[in-house]
Amino acid sequence: HQADIDNVDGIIIQGGDSGLLFTRENNMWLLADLSKPDLKIPADSQRLAQLFVNLVSTHTMIKAGKKDNSNLNTYGLEQNSGTVISIFKDSSEYQRLYFGSTDFAQTHRYFTSLELNSVFLFDSSFENFLSTAVQSWSDPYIISKQLKDEVFQMGEAQSVLRQTKKVENLDKLFELRHGGIGQFPENQAPEFTFEIQMGDKSTITLEISPIYSPEEFKDLKPKLIIS
11 HQADIDNVDG
21 IIIQGGDSGL
31 LFTRENNMWL
41 LADLSKPDLK
51 IPADSQRLAQ
61 LFVNLVSTHT
71 MIKAGKKDNS
81 NLNTYGLEQN
91 SGTVISIFKD
101 SSEYQRLYFG
111 STDFAQTHRY
121 FTSLELNSVF
131 LFDSSFENFL
141 STAVQSWSDP
151 YIISKQLKDE
161 VFQMGEAQSV
171 LRQTKKVENL
181 DKLFELRHGG
191 IGQFPENQAP
201 EFTFEIQMGD
211 KSTITLEISP
221 IYSPEEFKDL
231 KPKLIIS
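Below, the structure written as structure tokens:
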């Protein structure tokens, strides 16, 4: 229900062996791989807002059959073959939605929930929200634009207070994109550090460290290097 959205504080999207965990903390949404819940990056709040619109909207469903443990695999509704979206409200599971395989025409998908006793053919409105890829759900920028502009309203960058490498164009730091959820190397000091003062007098500290040594990087045999 629309009235429940403000109290939703967690979402899990799981398909097969992969899954994503979303948590609302201090008025911002963070994203983690389900296998490493402590490594979090900002989620795409606009994409989550679209999911919430879908959750409270009316959808077309056609009854396909009765739900029991013996026929879940027929509809692709088992966890290793389908996608499960769990919604948490006030830290407790509120809804669990199961999306299975598509029908012959590939216009509807088999669907049920934890509470339903039947399996339904569901319209295609959730197709864009069933991915468990981090890149599909995360804010793509290392310095999150959504947190900078919407949650904290920090304004524009004013100056660099501290830097271990000269920056010719400060705006370039805000265009850096990530490739997923990384982990900073343990017991390793950053090679470069930038402390940026924002328009609201807050600061952003950016620490950069190599993940691989030059020898390890050679072994990766990258197909393309853009400098």
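Heads up: the sequence shown begins at 11 in the working numbering, then just goes up one per residue.
Cβ atoms here follow ideal geometry from the backbone N, Cα and C, with glycine treated the same way.
Residues sharing a beta bridge with residue i, DSSP
i, result
"ARG6", "Residue 6 is absent from the structure shown; the chain starts at 11 and stops at 237."
"VAL63", "None; VAL63 has no bridge partner."
"LEU131", "ILE72, TYR120"
"PRO200", "Bridge partners of PRO200: none, in fact."
"ILE3", "Here the chain comprises residues numbered 11 to 237, so residue 3 is not present and cannot be evaluated."
"ILE21", "PHE32, ILE97"
"VAL108", "This sequence places Tyr at residue 108; Val is not what is there. Paired residue(s): VAL94, THR122."
Option in the options with minimal Cα separation from residue i
i, options, result
"ALA115", "ASP133, SER102, LYS99", "ASP133"
"GLN173", "THR213, GLN198, GLY190, PHE139", "THR213"
"HIS11", "ASN37, ASP43, GLU125, GLN105", "GLN105"
"SER169", "ILE153, GLY29, LYS211", "LYS211"
"GLU125", "GLU160, PHE184, THR117, LYS77", "LYS77"
"SER111", "SER102, LEU87, ASP159", "LEU87"
"PHE98", "ASN17, SER219, ILE206, ASP181", "ASN17"
"PHE184", "SER219, LYS50, PHE136, ASP159", "ASP159"
"MET38", "LEU157, VAL177, GLN207, PRO220", "LEU157"
"LYS175", "SER219, THR93, TYR108", "SER219"
"ILE15", "LYS50, GLN163, LEU61, ASP181", "LEU61"
"ASP181", "GLN163, ILE152, VAL161, GLN198", "ILE152"
"ASN79", "GLU137, ASN127, ASN179, ASN197", "ASN127"
"PHE162", "PHE139, MET208, LEU140", "MET208"
"LYS50", "ALA59, GLU35, VAL63", "GLU35"
"PHE136", "ASN64, ASP54, SER55, ALA59", "ASN64"
Residues near residue i in its chain [Cβ-Cβ closer than 6 Å; skip 5 each side]
i, result
"THR33", "GLY20, LEU40"
"GLU217", "PRO200, THR203"
"PRO150", "ARG187"
"ASN90", "GLY26"
"PRO47", "LEU31"
"LEU234", "Any answer about LEU234 is weak, because its pLDDT of 47 lies below 50 and its placement is not dependable; what the coordinates show is given next. Answer for LEU234: no residue qualifies."
"ALA59", "none"
Cut-off 8 Å between Cβ atoms - residues of its own chain near residue i, not counting five sequence neighbours on either side
i, result
"PHE269", "Examination of residue 269 is not possible in this model, given that the chain is present from 11 through 237 alone."
"GLY29", "ILE22, ILE23, ASP43, LEU44, SER45, THR142"
"HIS118", "ILE72, THR112, LEU131, PHE132, ASP133, SER134"
"VAL66", "HIS11, GLN12, ILE15"
"ASN179", "none"
Buried versus exposed call for residue i [16 or more other C-beta atoms within 10 Å across all chains shown]
i, result
"GLY190", "exposed"
"THR215", "exposed"
"ILE95", "buried"
"LEU82", "buried"
"ALA13", "exposed"
"GLY165", "exposed"
"ILE206", "buried"
"ILE236", "Because the pLDDT at ILE236 is just 44, under 50, the model does not fix this residue reliably, and the point stays unresolved."
"PHE194", "exposed"
"THR68", "exposed"
"GLY192", "exposed"
"LEU171", "exposed"
"ILE221", "exposed"
"GLY92", "buried"
Short CB-CB distance (under 8 Å) between residue i and chain D
i, result
"SER141", "Protein chain content of the structure displayed is limited to a single chain, and chain D is not contained in it."
Same chain only: Cβ atoms within 7 Å of residue i, ignoring 5 sequence neighbours per side
i, result
"ARG57", "TRP147"
"SER242", "What is shown of the chain runs 11 to 237, which leaves residue 242 out entirely."
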